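Visitor: Residue numbers (UniProt numbering): 1 to 307.
Positions of the beta carbon are idealized from the N, C-alpha and C atoms, including for glycine.
Keep in mind it's a predicted model, so treat the numbers as computed, not measured.
#1: Would you kindly work out how many angstroms separate the C-alpha atoms of residue 307 and residue 169, rounded to a whole number?
#2: Out of 110, 128, 65 and 129, which one is the CA nearest neighbour of residue 152?
#3: What does DSSP give as the partner residues of residue 225 in its beta bridges?
#4: Kindly identify the DSSP beta-bridge partner or partners of residue 183.
#5: Check this for me: beta carbons of residue 163 and residue 12, under 8 Å apart or not?
#6: Can you tell me whether residue 170 is helix, strand or coil according to DSSP?
#7: Quick check on this structure: which residue in 271, 17, 252 and 267 has the alpha carbon closest to the alpha carbon of residue 222?
#8: Just the Cα atoms here: how many angstroms apart are residue 174 and residue 258?
#9: Could you please give the first and the last residue of the uninterrupted alpha helix (DSSP H) stretch that includes residue 263?
#10: To the nearest angstrom, how far is the alpha carbon of residue 82 from that of residue 38?
#11: Counting C-beta neighbours from all protein chains within 10 Å, is the total for residue 3 16 or more, i.e. buried, or is it exposed?
#12: Taking contact to mean at least 3 C-beta pairs separated by less than 8 Å, is the region 212-229 in contact with the region 187-194?
#13: Curious, which full-length alpha helix (DSSP H) runs of at least 4 residues does the region 19-97 contain?
#14: Does the beta-carbon distance from residue 72 to residue 8 come in below 8 Å?
#15: Return helix, strand or coil for residue 307, following the three-state DSSP convention.
#16: Determine the burial state of residue 134: buried for a count of at least 16 other Cβ atoms within 10 Å of its Cβ, exposed for fewer.
#17: On the DSSP letters alone, give me the boundaries of the beta strand (DSSP E) that residue 155 sits inside.
#18: How many angstroms separate the CA atom of residue 25 from the CA atom of residue 204?
#19: Taking the alpha carbon of residue 240 as the reference point, which residue from 263, 295 and 274 has its own alpha carbon closest?
#20: So, using beta-carbon positions, are residue 183 and residue 231 closer together than 8 Å?
#21: Please classify residue 114: is it buried, with 16 or more other beta-carbons within 10 angstroms of its beta-carbon, or exposed?
#22: To the nearest angstrom, report how far apart residue 145 and residue 99 are at their CA atoms.
#23: Report yes if the CB atom of residue 237 is closer than 8 Å to the CB atom of residue 199, and no otherwise.
#24: Could you give the DSSP three-state label for residue 146: helix, strand or coil?
#25: Do the CB positions of residue 31 and residue 46 come within less than 8 Å of each other?
#26: Going by beta carbon distance, what residues of the same chain come within less than 8 Å of residue 275, once the five residues before and after it are set aside?
#27: Taking the straight line between their C-alpha atoms, what separation do you get for residue 5 and residue 190?
#28: Considering only residues of the same chain and omitting the five flanking positions on each side of residue 90, which have a CB-CB separation below 7 Å?
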């Protein structure tokens, strides 16, 4: 049994991770911003601490008392993305200080496109600012000076499944409003994708590391599908909504999809070969197109996004 401290436990990924960790016999402590979030976690048998990601001293104390830390939380509010990343760096720094010299496990979260190359692998260093700094900081804790078993799990732009309120949900909602499912240019650029139930297995396997294959300082790719073209995703969305697909410019993408326009042009085919080899991870859930074809969640008109 591992006593693990988790941030973001009530979020999309966290809410799918906590049940499988509890089922495996692990003990969880998590932060909760609201009474309702705390109650939902406590109903599962999770110990809660009322705090936010800006309560650095509280986070550091909880991390120091745990056997391992999984950092899923990220601030999504009215502040700028750069400010949210700065807050994230403050949290990771606090974890590094609290765990220094302990040889305990720290798992943080990043995004596959941070590698900044068209075909990233787990060995591709993070290059795209400002999020790359979070990766670099986490991995630096694996040095002999810090003696932390630190790892980064990179998630793809599309982590899909019921209760998702992220990029894919936003894309669908904005497409419904616009009356078309858009893609930039020919739409032949790629997004990696992973079902959330497959993604959380990566965190669990890193935490347990039963094979002993991880020594610290590794990046893992939770990439179930290496790359699906945006035109393919748009076609699946258009079919479900009963609207046409449409090639649009970057400027039109900004008008239609707001912040998501920055990501619609990403072309990334991500390998997860090393992750599968190191962890024995196997993706078993439905792919993104199959999920879209059969999903009730994504196409409920009452669905909202977190953005």
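Guide: Quick look at the numbers:
#1: Confidence at residue 307 is low in this model, with a pLDDT of 47, below 50, so its placement is unreliable and the value that follows should be read with caution. Straight-line Cα distance between these residues: approximately 10 Å.
#2: 110
#3: 193
#4: Per DSSP, 247.
#5: yes
#6: helix
#7: 271
#8: 9 Å
#9: 261-264
#10: 28 Å
#11: exposed
#12: With a cut-off of 8 Å, the region 187-194 and the region 212-229 count as touching, because enough Cβ pairs lie within range.
#13: 35-43 and 56-65
#14: yes
#15: Note that residue 307 scores a pLDDT of 47, beneath 50, so its modelled location is shaky and nothing firm can be said.
#16: buried
#17: Where residue 155 is concerned, the enclosing beta strand (DSSP E) starts and stops at 149-155.
#18: 12 Å
#19: 295
#20: yes
#21: Burial state of residue 114 is buried, judged by a 10 Å Cβ sphere holding 16 or more other Cβ atoms.
#22: 12 Å
#23: Cβ distance not < 8 Å, so residue 237 and residue 199 don't count as in contact.
#24: DSSP, reduced to helix, strand and coil, places residue 146 outside both helices and strands of the structure shown, so it counts as coil.
#25: no
#26: Excluding its 5 nearest sequence neighbours in each direction, residue 275 has C-beta neighbours in its own chain below 8 Å: 122, 202, 220, 221, 222, 223 and 281, listed in chain order.
#27: 34 Å
#28: 56
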